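A.B. asks: First, the structure itself, so that you have it in front of you.
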Amino acid sequence: MTKGDNKNLKIKNVLLTVYHKEPALPLIKELHKLGVTFYSTGGTLKFLEKNDIPAVSIESVTSYPSIFDGRVKTLHPKVFGGILSKKSEESHIEELKKYEIPEIDMVIVDLYPFEETLISGGSFEDLIEKIDIGGISLIRAAAKNFNDVWTVPSSKNYKECVEIINSQNGSISYEQRKSFAAKAFDVSSHYDIMIYNFLSEEQPESFKASIPESNVLRYGENPHQKGVFYGDINKIFNKIQGKSLSYNNLLDIESALGLINEFEEPTFAIIKHNNACGVASSNNITDAYKKALSSNPIAAFGGILIANRNITEDCAYCINKLFFEVIIAPGYNSKAIEILSSKEKRIILELKDKEFGNKQYRSLLNGVLEQDKDKSLKTENDWDFVTKLKPSKIESEDLIFANKIVKHTKSNAIILAKDKHLLGSGTGQTSRVDALKQAIEKAKEFGFDLNGAVMASDAFFPFPDCAEIAHKEGITSIIQPGGSIRDEESIKFCNNNKMSMIFTKLRHFKH
1 MTKGDNKNLK IKNVLLTVYH KEPALPLIKE LHKLGVTFYS TGGTLKFLEK NDIPAVSIES
61 VTSYPSIFDG RVKTLHPKVF GGILSKKSEE SHIEELKKYE IPEIDMVIVD LYPFEETLIS
121 GGSFEDLIEK IDIGGISLIR AAAKNFNDVW TVPSSKNYKE CVEIINSQNG SISYEQRKSF
181 AAKAFDVSSH YDIMIYNFLS EEQPESFKAS IPESNVLRYG ENPHQKGVFY GDINKIFNKI
241 QGKSLSYNNL LDIESALGLI NEFEEPTFAI IKHNNACGVA SSNNITDAYK KALSSNPIAA
301 FGGILIANRN ITEDCAYCIN KLFFEVIIAP GYNSKAIEIL SSKEKRIILE LKDKEFGNKQ
361 YRSLLNGVLE QDKDKSLKTE NDWDFVTKLK PSKIESEDLI FANKIVKHTK SNAIILAKDK
421 HLLGSGTGQT SRVDALKQAI EKAKEFGFDL NGAVMASDAF FPFPDCAEIA HKEGITSIIQ
481 PGGSIRDEES IKFCNNNKMS MIFTKLRHFK H
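In my numbering, the protein residues as written are 1 to 511.
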């Protein structure tokens with residue numbers, strides 16, 4: 001990269017156009033103390049006058065009024081010439097004088113809030129009007145000519161600007177200007193991507209994503225891998241205490257939230273390596289935790305805990321006996337926080353927002369996969385009762401419970417449950433039979449009686465063998481998508497052995 005003059009720039013002339021006025025006032029006042037000349041237009045000019053800050057109107061420079069309801073204000077050679085001219089080029093200096101173009105040393109812009117309007121559900125017409133043209137052009141022009149111009153593209157930068165002005169007596173270094181130019185193109189590219197994704201709707205021609213916040217992690221999935229999280233985790237959680245979240249913590253938290261959001265009644269889940277090793281629903285959250293822990297107390301060690309009810313003192317007392325990495329809940333009473341915070345590194349998160357997007361992305365090969373999140377789940381009204389025997393009321397409740405868990409379990413997946421309590425799970429197996437055998441083995445390892453239990457599968461049974469194995473263990477009811485060419489063989493076996501089976505016609509693969 002070829003550097004410019006690598007000199008400090010003394011600020012003399014500032015072009016200011018901001019949507020949100022008040023946040024800019026401290027910066028404006030610091031610049032005013034330096035005796036700079038402000039150039040502005042429209043509402044920003046009125047704001048300066050209101051605060052007794054003298055300014056030159058853009059209209060007086062261009063000899064053109066603001067036209068088309070303010071759509072065209074700064075788009076003029078006399079504005080952009082002052083920004084894009086090279087101050088070290090004699091010919092440029094001469095042209096500035098010839099055409100009476102004022103030199104601009106600093107450009108401060110706060111764009112029309114397109115993204116905020118989109119998030120708040122603004123109308124199509126309002127969103128179109130919130131597409132900034134002049135502001136984005138000013139940012140790009142000033143950023144391109146950062147050798148001679150300091151560009152401030154966002155209100156997020158004001159505090160840093162004030163610190164630079166105060167510590168450097170109103171001048172800014174080449175490296176600082178270059179850094180702000182990078183911020184400017186970050187702002188402009190993010191702005192354009194938001195607009196593109198809005199206008200392209202469901203049929204974008206290319207993949208474009210922009211997340212302005214980033215957090216460098218201690219490492220990635222393993223210590224020898226670098227890791228960064230792009231996003232604002234503070235919008236989802238209030239962090240009460242604990243160390244920084246790791247790459248693997250974040251993966252498990254994503255899985256935990258997806259699962260717990262399926263449940264309405266008091267439910268507790270324990271997640272390990274993206275799979276639930278303990279889940280239970282009950283009348284109160286303490287009992288739900290005790291049952292969830294009993295599902296697999298060995299796997300629970302070092303896991304992620306999540307509840308859909310506030311954590312009480314009694315519940316916290318029970319939880320505190322377990323070593324775990326993270327706990328998530330909608331709230332905690334003061335005694336619960338006191339108990340749980342006894343270990344400083346333990347991460348305690350209060351859930352603020354459980355809805356965060358409808359798309360999933362995965363990078364692979366030389367591209368990115370995108371899909372809709374799996375937010376579908378068949379209710380009892382949608383079931384296809386394919387056997388002569390129908391499940392009892394209690395079995396139906398357990399089938400619903402088990403189907404919610406299997407949806408969030410790595411394929412091939414089998415879930416065994418009874419009394420809204422996870423008894424055993426088979427996760428990530430290459431064979432559905434192996435997944436079932438693993439689930440049975442785990443249930444027996446922790447002393448659970450499978451007589452009267454139910455079974456959920458994330459995909460259909462290609463053969464009746466799973467139904468046969470389940471029957472031998474005392475399992476009485478099955479829920480699965482159906483869709484195999486051999487479905488009739490599984491149905492026949494269930495009918496001959498007084499088992500009930502439900503088809504949901506909805507597969508839940510998870511890879």
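The C-beta atom is built at its ideal place from N, Cα and C for all residues, glycine as well. Predicted model, so just to flag it, every value in this text is computed and none were measured.
Kindly identify the DSSP beta-bridge partner or partners of Gln516.
C.D. replies: Outside the displayed span of the chain (1 to 511) sits residue 516, for which this structure offers no information.
A.B. asks: Quick one: complete alpha helix (DSSP H) runs, 4+ long, within the stretch 291-361?
C.D. replies: As far as the stretch 291-361 is concerned, its whole alpha helix (DSSP H) runs of at least 4 residues are 313-319, 334-340.
A.B. asks: With DSSP as the reference, label Ile285 as helix, strand or coil.
C.D. replies: Mapped onto the sequence shown, residue 285 falls at position 285. Three-state result, Ile285: helix.
A.B. asks: What does the alpha-carbon distance come out to for the pair Asp232 and Ser171?
C.D. replies: Residue numbering aside, residue 232 sits at position 232 when the sequence shown is read from its first letter. Residue numbering aside, residue 171 sits at position 171 when the sequence shown is read from its first letter. When rounded, the distance between both Cα atoms is 33 Å.
A.B. asks: Hey, Leu450 and Glu473 are a contact pair by Cβ (cut 8 Å); roughly how many whole angstroms apart?
C.D. replies: In the sequence shown, the residue the question calls residue 450 occupies position 450. In the sequence shown, the residue the question calls residue 473 occupies position 473. Yes, Leu450 and Glu473 are in contact; Cβ-Cβ is about 5 Å, under 8 Å.
A.B. asks: Return the CA-CA distance between Leu389 and Asp487, expressed in angstroms with no decimal places.
C.D. replies: Against the sequence shown, residue 389 aligns to sequence position 389. Against the sequence shown, residue 487 aligns to sequence position 487. Approximately 16 Å between the Cα atoms of the pair.
A.B. asks: Pick helix, strand or coil for Glu94, following the three-state DSSP scheme.
C.D. replies: Here residue 94 refers to the residue found at position 94 when the sequence shown is read from its first residue. Helix at Glu94.
A.B. asks: Please classify Glu160: does DSSP put it in a helix, a strand, or coil?
C.D. replies: Counting from 1 along the sequence shown, the entry for residue 160 is found at position 160. It is helical.
A.B. asks: Output yes or no for whether 9 Å exceeds the beta carbon distance between Ile104 and Ala143.
C.D. replies: For the purposes of this step, residue 104 is identified with residue 104 of the sequence shown, where counting begins at 1. For the purposes of this step, residue 143 is identified with residue 143 of the sequence shown, where counting begins at 1. Going by C-beta atoms, Ile104 is not nearer than 9 Å to Ala143.
A.B. asks: Give the secondary structure of Met106 by DSSP, where H, G and I count as helix, E and B as strand, and everything else as coil.
C.D. replies: As a first step, residue 106 is located in the sequence shown; it is residue number 106 there, counting from the start. In this structure, Met106 counts as strand in the three-state DSSP scheme.
A.B. asks: Along the alpha helix (DSSP H) that carries Ser200, what are the first and last residues, could you check?
C.D. replies: As a position in the sequence shown, residue 200 is number 200, starting the count at 1. Note, Ser200: alpha helix (DSSP H), 174-200.
A.B. asks: Could you check which residue in Lys98, Ile133, Met499, Lys359 has the C-alpha nearest to that of Glu201?
C.D. replies: If you number the sequence shown from 1, residue 201 lands on position 201. Closest by alpha carbon: Lys359.
A.B. asks: Can you give me the C-alpha to C-alpha distance between Phe80 and Asn215, rounded to a whole angstrom?
C.D. replies: Taking the first residue of the sequence shown as position 1, residue 80 is located at position 80. Taking the first residue of the sequence shown as position 1, residue 215 is located at position 215. Answer to the nearest angstrom: the Cα atoms are 36 Å apart.
A.B. asks: Looking at the unbroken alpha helix (DSSP H) that takes in Thr44, where does it start and where does it end?
C.D. replies: Within the sequence shown, the letter at position 44 stands for residue 44. Here the alpha helix (DSSP H) through Thr44 covers 42-50.
A.B. asks: Count the other CB atoms, across all protein chains shown, that sit within 10 Å of the CB of Leu364; report buried if there are 16 or more and exposed otherwise.
C.D. replies: Residue 364 sits at position 364 when you count from the first residue of the sequence shown. Burial call: exposed.
A.B. asks: Per DSSP, Ala470 is paired with what?
C.D. replies: Here residue 470 is taken as the residue at index 470 of the sequence shown, counted from 1. The partner list for Ala470 (beta bridge, DSSP) is empty, contrary to what the question assumes.
A.B. asks: Just tell me which of Pro102, Pro54, Gln371 has its CA closest to the CA of Pro77.
C.D. replies: Position 77 of the sequence shown, counted from the start, is the residue given in the question as residue 77. Considering only alpha carbons, the answer is Pro102.
A.B. asks: Leaving out the 5 sequence neighbours to the left and right, which residues in its chain are closer than 6 Å to Gln371 when beta-carbon positions are compared?
C.D. replies: Position 371 of the sequence shown, counted from the start, is the residue given in the question as residue 371. Answer for Gln371: Gln360, listed in chain order.
A.B. asks: Sorted by chain position, which residues of the same chain lie with C-beta nearer than 6 Å to Val406's C-beta, five sequence neighbours on each side aside?
C.D. replies: Residue mapping note: residue 406 aligns to position 406 of the sequence shown, counting from 1. So the qualifying residues of the chain are Ala413, Ile415, Ala456, Asp458.
A.B. asks: Comparing alpha-carbon positions, which option in Glu213, Tyr196, Leu217 lies nearest Phe207?
C.D. replies: Along the sequence shown, read from residue 1 onward, the residue named residue 207 stands at position 207. Closest option to Phe207, Cα to Cα, is Tyr196.
A.B. asks: Per DSSP, His384 forms a beta bridge with which residues?
C.D. replies: Reading the sequence shown from its first residue, position 384 is the one you call residue 384. It is Asp, not His, that sits at residue 384 in the sequence shown. Asp384 pairs with Phe503.
A.B. asks: On a Cα-Cα basis, can you pick out the residue from Lys335, Leu369, Val326 that is closest to Ile348?
C.D. replies: Taking the sequence shown and counting its residues from 1, the one referred to as residue 348 is at position 348. The candidate whose alpha carbon is nearest that of Ile348 is Val326.
A.B. asks: Could you give the residue range of the alpha helix (DSSP H) that holds Tyr247?
C.D. replies: Your numbering for residue 247 matches position 247 in the sequence shown. Note, Tyr247: alpha helix (DSSP H), 247-260.
A.B. asks: Could you give the DSSP three-state label for His421: helix, strand or coil?
C.D. replies: Mapped onto the sequence shown, residue 421 falls at position 421. Of the three classes helix, strand and coil, the one that applies to His421 here is strand, per DSSP.
A.B. asks: Could you tell me the distance, in whole angstroms, from the CA atom of Asp384 to the CA atom of Gly242?
C.D. replies: Locating residue 384 in the sequence shown gives position 384, where the first residue counts as 1. Locating residue 242 in the sequence shown gives position 242, where the first residue counts as 1. In a straight line, the C-alpha of Asp384 is about 47 Å away from that of Gly242.
A.B. asks: May I ask which residues mark the beginning and end of the beta strand (DSSP E) holding Ala269?
C.D. replies: The residue you call residue 269 lines up with position 269 of the sequence shown. Looking at the DSSP string, the run of the beta strand (DSSP E) that includes Ala269 is 267-272.
A.B. asks: Taking its Cβ as the centre, do 16 or more other Cβ atoms sit within 10 Å of Thr2, making it buried, or is it exposed?
C.D. replies: Locating residue 2 in the sequence shown gives position 2, counting from the first residue. Confidence at Thr2 is low in this model, with a pLDDT of 43, below 50, so the placement of that residue should be treated as unreliable; the coordinate-derived value is given next. With fewer than 16 Cβ atoms within 10 Å of its Cβ, Thr2 is classed as exposed.
A.B. asks: Within a Cβ cutoff of 6 Å, which residues of the same chain sit near Thr37, ignoring the five residues on either side of it in sequence?
C.D. replies: Numbered from 1 along the sequence shown, position 37 holds the residue referred to as residue 37. Cβ within range, chain order: Asn13.
A.B. asks: Using the Cα positions of Ala307 and Ile260, report the straight-line distance between them to the nearest angstrom.
C.D. replies: Taking the sequence shown and counting its residues from 1, the one referred to as residue 307 is at position 307. Taking the sequence shown and counting its residues from 1, the one referred to as residue 260 is at position 260. For Ala307 and Ile260, the distance between alpha carbons rounds to 7 Å.
A.B. asks: Have a look at the DSSP bridge pairing and note the partners of Asp372.
C.D. replies: Locating residue 372 in the sequence shown gives position 372, where the first residue counts as 1. Bridge partners of Asp372: Lys359.
A.B. asks: Can you find the residues in the same chain that come closer than 6 Å, C-beta to C-beta, to Glu30, ignoring five residues on each side of it along the sequence?
C.D. replies: Your numbering for residue 30 matches position 30 in the sequence shown. Answer for Glu30: Val162, Ile165, listed in chain order.
A.B. asks: Where Glu59 and Thr41 are concerned, what is the direct C-alpha to C-alpha distance, given to the nearest angstrom?
C.D. replies: The residue labelled residue 59 in the question sits at position 59 within the sequence shown. The residue labelled residue 41 in the question sits at position 41 within the sequence shown. Approximately 7 Å between the Cα atoms of the pair.
A.B. asks: Determine whether the beta carbon atoms of Gly135 and Leu111 lie at a separation below 9 Å.
C.D. replies: Numbered from 1 along the sequence shown, position 135 holds the residue referred to as residue 135. Numbered from 1 along the sequence shown, position 111 holds the residue referred to as residue 111. Yes, the pair counts as a contact, with Cβ atoms nearer than the cut-off.
A.B. asks: Excluding sequence positions up to five away, which residues of its chain have a Cβ less than 6 Å from the Cβ of Gly227?
C.D. replies: In the sequence shown, residue 227 corresponds to position 227, counting from 1. Once the five neighbours on either side are set aside, the close Cβ partners of Gly227 are Leu217, Tyr219, Gly220, Tyr247.
A.B. asks: So what does Tyr230 bridge to, in DSSP terms?
C.D. replies: Along the sequence shown, one-based indexing puts residue 230 at 230. For Tyr230, which the question treats as bridged, DSSP gives the partners Ser214.
A.B. asks: Taking 9 Å as the threshold (C-beta atoms), are Ala467 and Ser490 in contact?
C.D. replies: Within the sequence shown, numbered from 1, the residue matching residue 490 stands at position 490. Within the sequence shown, numbered from 1, the residue matching residue 467 stands at position 467. Yes, Cβ-Cβ distance for Ser490 and Ala467 is below 9 Å.
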